[in-house]
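Right, one structure below, let's go through it.
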Amino acid sequence: MAAAQAEEAKAYEEAIFAYQQFTKERNRLLHAGGTATATAELERFGTGLYLEAMVGDLRTVYGKGWSTTGDVVVRDFGRHHFEPNRLEFFLCEDATAVRLIGSEGEQLTLGRKGRLRVTATGEAGERRIADTTVVEDWEC
């Protein structure tokens, strides 16, 4: 039983790290005005439709000449469901300091807080974020 608990704890640690690193790279790219293609760092920590959607957002920012100020802060992690190659957890994203800036320097939007259920896939040492869903039943 202890080995299984240790495996689960390690898997969650890896998945949360992947989400944090993906978010850090996404923040960096948004500050820089987006990107036309996925970076190696995004591909290292994201996969599938999640990666495609996030790169699509970054491509829009890039194509329109937008950028952001402020960072998304990730906190309050909670375990939800575990299988060796697929796990889910909850988290809170605080983007209240984020401002989307238009090509003329005008503020387009304000950031907000959100509660997410995150799905990570992959084997030990290779966890990647595969999906996120906004949830109402998790408190930040």
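Position 127 (the sequence shown) corresponds to 289 in my numbering; numbering is contiguous.
A virtual CB, placed ideally from N, CA and C, is assigned to each residue, including glycine.
Computed from a predicted model, the values in this text were never measured in an experiment.
Host beta strand (DSSP E) of Thr185 (start-end): Sequence index remark: in the sequence shown, residue 185 carries index 23 (1-based). It is not in any beta strand (DSSP E) - Thr185 instead sits in the alpha helix (DSSP H) that spans 164-193.
Ser229, buried or exposed, once every other Cβ within 10 Å from all chains shown has been counted against 16: Locating residue 229 in the sequence shown gives position 67, where the first residue counts as 1. Buried: at least 16 other Cβ atoms inside 10 Å.
Element boundaries [alpha helix (DSSP H), containing Glu205]: Sequence index remark: in the sequence shown, residue 205 carries index 43 (1-based). Residues 202-207.
Nearest residue (CA-CA) to Glu298, options Arg277, Ala292, Arg241, Glu170: Reading the sequence shown from its first residue, position 136 is the one you call residue 298. Out of Arg277, Ala292, Arg241, Glu170, Arg277 has the C-alpha closest to the C-alpha of Glu298.
CB of Val236 within 7 Å of CB of Leu253, strictly: On the sequence shown, residue 236 is found 74 positions in, with the first residue counted as 1. On the sequence shown, residue 253 is found 91 positions in, with the first residue counted as 1. Against a cut-off of 7 Å, the Cβ pair of Leu253 and Val236 comes out as a contact.
Any 3 or more C-beta pairs closer than 8 Å across the region 204-217 and the region 179-189: yes
Beta strand (DSSP E) segment containing Glu255, residue limits: Here the question's residue 255 lines up with position 93 in the sequence shown. First-last of the beta strand (DSSP E) with Glu255: 248-256.
Sub-7 Å separation of Gly210 and Ala292 beta-carbons: Numbered from 1 along the sequence shown, position 48 holds the residue referred to as residue 210. Numbered from 1 along the sequence shown, position 130 holds the residue referred to as residue 292. Yes. Within cutoff.
Alpha-carbon to alpha-carbon, Phe239 and Gln269: The sequence position of residue 269 within the sequence shown is 107, counting from 1. The sequence position of residue 239 within the sequence shown is 77, counting from 1. Cα to Cα, the separation comes out at about 31 Å.
Cβ contact (3+ pairs, closer than 8 Å) linking the region 283-292 and the region 257-275: no
As assigned by DSSP and simplified to three states, the class of Ala292: Residue numbering aside, residue 292 sits at position 130 when the sequence shown is read from its first letter. Strand at Ala292.
Run of the beta strand (DSSP E) containing Val280, from where it starts to where it stops: Taking the first residue of the sequence shown as position 1, residue 280 is located at position 118. Taken as a continuous stretch (DSSP letters only), the beta strand (DSSP E) holding Val280 covers 275-283.
Sub-7 Å separation of Arg248 and Tyr174 beta-carbons: Walking along the sequence shown from the start, residue 248 turns up at place 86. Walking along the sequence shown from the start, residue 174 turns up at place 12. Not in contact: Arg248 and Tyr174 (Cβ atoms no closer than 7 Å).
Three-state class that DSSP yields for Val234 in the structure shown: The residue you call residue 234 lines up with position 72 of the sequence shown. Three-state result, Val234: coil.
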